[in-house]
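Heads up, the sequence shown is in the UniProt record's numbering, so the first residue is 1 and it goes up one at a time. Shown next, in structure tokens, is the structure this report addresses.
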Amino acid sequence: MDDPDYGQKAQRPDMTEEDFQMSKSEFLKQIGLSDQQRDDLQIHTIDQSSSQEWLENRKNRLTASIFGKICKRKENISCAPLVRSIVKPQIISNVPSIKYGKANEQTALAQLSRQESITITRCGLYIDKTLQFLGASPDGSYKNKEGKTGLVEIKCPFSAKNMQSDEAVKAKKIKFWKYNAKNNTFSVDKNHDYYFQIQSQLNITEIDMCLFSIWTGEEHSMKIEYVKRDPEFWQDKMVGPLSKFYLNCLLLELIDSRMERSMPIKDPPYIIQAIENK
1 MDDPDYGQKA
11 QRPDMTEEDF
21 QMSKSEFLKQ
31 IGLSDQQRDD
41 LQIHTIDQSS
51 SQEWLENRKN
61 RLTASIFGKI
71 CKRKENISCA
81 PLVRSIVKPQ
91 IISNVPSIKY
101 GKANEQTALA
111 QLSRQESITI
121 TRCGLYIDKT
131 LQFLGASPDG
141 SYKNKEGKTG
151 LVEIKCPFSA
161 KNMQSDEAVK
171 AKKIKFWKYN
181 AKNNTFSVDK
191 NHDYYFQIQS
201 QLNITEIDMC
211 LFSIWTGEEH
221 SMKIEYVKRD
231 PEFWQDKMVG
241 PLSKFYLNCL
251 LLELIDSRME
261 RSMPIKDPPY
271 IIQAIENK
């Protein structure tokens with residue numbers, strides 16, 4: 001067991017506020033990329049999600065798949081568990097639902113291409129032009145026969161395996177859509193994590209449309225939804241919470257890691273105050 005008083009993981013005082021602010025400015029400067037560097041990174045990381053370049057550029061940023069969780073979190077709850085899950089993520093590659101999704105992703109993309117008569121090209125890692133601590137890796141981009149283009153995001157939910165997609169929505173195995181039994185209609189749940197993920201992908205890439213689709217098996221047609229970019233949703237519901245969490249919660253651990261010092265992750269003052277006021 002590591003001794004908290006000795007070695008690399010020994011406990012030591014936090015940085016002073018002055019030192020932290022200087023380190024913060026330098027850190028943000030270091031992860032900044034020019035337009036050309038952002039374009040090159042996207043190209044170099046296509047189908048390279050395990051490459052060193054992809055990992056290096058992703059590890060110091062927030063990425064779209066967790067944006068919903070961050071944007072919807074309550075400020076009167078410690079940020080420590082979420083920060084820990086980002087900095088030291090659990091290995092989930094052997095979780096059945098994750099394995100199922102990975103194993104069927106290529107099949108799903110091919111089926112969507114045939115079903116919608118589109119050409120799909122894989123994507124790499126995109127970095128937001130302004131908030132360069134935000135990134136997104138869409139499953140792909142599409143082009144149809146009329147020349148219209150957009151992003152592609154596919155989900156292969158293990159919970160809906162071999163179900164007809166509408167029935168899976170009705171049974172609440174798929175929750176991206178809400179079902180109105182009275183009118184027999186389906187509508188997108190704009191509070192779902194997938195919607196936050198899609199809007200972040202659209203706004204970071206500055207692309208106007210995303211073809212979202214659910215794959216439940218080769219014998220079933222894929223349920224699709226064309227989701228339009230919503231700049232107001234992005235600005236009003238996402239940019240603020242994402243920036244606040246990154247700059248005040250995650251950056252503390254990235255720059256002056258308490259985990260590496262065998263100490264509990266630190267909450268910023270606004271969260272401490274909110275917890276006290278509960």
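Here a beta-carbon is modelled for each residue, glycine too, at the ideal position from N, C-alpha and C.
Same chain only: Cβ atoms within 6 Å of Q201, ignoring 5 sequence neighbours per side:
A64, A136, P138 and L151
Span of the alpha helix (DSSP H) holding G240?
G240 to F245
I need the DSSP call for N60, collapsed to helix, strand or coil.
coil
Under the rule that 16 or more other beta-carbon atoms within 10 Å means buried, what is A171, buried or exposed?
exposed
Alpha carbon to alpha carbon, how far is D230 from E206?
11 Å
Host alpha helix (DSSP H) of L251 (start-end)
L251 to I255 is the span of the alpha helix (DSSP H), which, as asked, contains L251.
Tell me whether R229 sits in a helix, a strand or coil according to DSSP, three-state version.
coil
When the Cα atoms are used, what is the spatial distance from residue 292 to I66?
Residue coverage of the chain in this structure runs from 1 to 278, which leaves residue 292 outside it and unanswerable.
Among C123, C249, G217 and I46, the one whose alpha carbon lies nearest that of G101
G217
Checking 8 Å against the spacing of the C-beta atoms, do Q199 and F158 come in under that value?
No, the pair does not count as a contact, with Cβ atoms beyond the cut-off.
Given this structure, state the Cα-to-Cα distance separating K178 from E167, to the nearest angstrom.
Roughly 12 Å separates the two Cα atoms.
Does DSSP classify V169 as helix, strand or coil?
helix
Give a yes or no on contact between the region 119-131 and the region 181-196, applying the rule of three or more CB pairs nearer than 8 Å.
no
Who pairs with L151 in a beta bridge, going by DSSP?
S141 and C210
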